[in-house]
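J.: Sharing a structure, written as structure tokens. Questions coming.
And the structure:
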């Protein structure tokens, strides 16, 4: 963790936007810090390479905006936001990541993030996004915004019917969910499944939760039993 000159929380004022960064890649963390430091009306409070340090320090620092990566060691950034938001209700969390899939987007927004930008965002767009989220907006990269709009344009899903037998329950799973269930049944770890399918571990866990819900089970062993009963 790196703390900067004004790491102590300030009284309410119209001073510079106080920003903290949670990013495990040193080069990216340094680049973001330089952008913030060089921007007018902004001040870098601290930066962290992992969620544990951020969770320990940020409640006392009370930054205005936190730039949060998604793919972090030990704990992902979405879970970090979920834990920090109740402790920092006035702090705005903006995800800054390479992930543009709807699962991560909606998980982040549900956790308490109010902005979602891709790391390919330009310097000017990032600065504008920080200003927007601090002013009460919800900045999103254009590609992200389009996905959000498309998802709301889709018809609401019908309530699922409880299948009569394990075979019909398996049939309710999507092709990807059946593929992951098969690998879970074969004993593959989440990371091994993620590597084989070119997905993030977080995405594999999300699929797994959906599989459990559709099969009405609560564990891998119960899901595996239904898989082999089909």
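In the working numbering, the protein residues as written are 407 to 636.
Backbone N, C-alpha and C fix where the C-beta goes; we use that ideal spot for every residue, glycine too.
Can you grab the Cα-Cα spacing for the pair residue 633 / residue 588, in whole Å?
T.: About 7 Å.
J.: Please determine if the region 486-494 and the region 514-521 are in contact, where contact requires at least 3 C-beta pairs separated by less than 8 Å.
T.: yes
J.: By the 10 Å Cβ neighbour count, where 16 or more other Cβ atoms means buried, how is residue 635 classified, buried or exposed?
T.: exposed
J.: Contact check, residue 501 vs residue 474 under 8 Å by CB: the rounded distance?
T.: About 5 Å separates the Cβ atoms of residue 501 and residue 474, confirming a contact at the 8 Å cut-off.
J.: Measuring only the C-alpha atoms, how far is residue 480 from residue 574?
T.: A straight-line Cα-Cα distance of about 37 Å links residue 480 and residue 574.
J.: With H, G and I counted as helix, E and B as strand and the rest as coil, what does DSSP make of residue 546?
T.: DSSP places residue 546 in strand when its eight states are reduced to three.
J.: Could you check whether residue 586 and residue 445 sit closer than 8 Å to each other, using their CB atoms as the reference points?
T.: no
J.: With 16 as the cutoff for other CB atoms within 10 Å, does residue 440 come out buried or exposed?
T.: exposed
J.: Which two residues bound the contiguous beta strand (DSSP E) that contains residue 450?
T.: Segment 448-454, the beta strand (DSSP E) holding residue 450.
J.: Spatial neighbours of residue 408 within its chain, please: C-beta separation below 7 Å, excluding the five flanking residues on both sides.
T.: 452, 453
J.: How many angstroms separate the CA atom of residue 597 from the CA atom of residue 421?
T.: 44 Å
J.: What do you get for residue 504, buried or exposed, if any count of 16 or more other CB atoms within 10 angstroms of its CB means buried?
T.: exposed
J.: For residue 506, which residues of its own chain have a beta-carbon under 8 Å away from its beta-carbon, when the five flanking residues on both sides are left out?
T.: 524, 547, 549, 550, 553
J.: In whole angstroms, what is the alpha-carbon distance linking residue 579 and residue 433?
T.: 41 Å
J.: Here's a check: name, in chain order, each residue in its chain whose Cβ is nearer than 8 Å to the Cβ of residue 423, leaving out the five neighbours to either side.
T.: 447, 448, 449, 470, 471, 536, 537, 540
J.: Hey, out of 443, 592, 522, 599, whose CA is closest to residue 543's CA?
T.: 522
J.: Taking the alpha carbon of residue 430 as the point to measure from, which residue in 438, 443, 455 has its own alpha carbon closest?
T.: 455
J.: Under a three-way DSSP split, which group does residue 623 fall into?
T.: It is coil, neither helix nor strand.
J.: Run through DSSP, which three-state label would residue 568 get?
T.: Note that residue 568 scores a pLDDT of 45, beneath 50, so its modelled location is shaky and nothing firm can be said.
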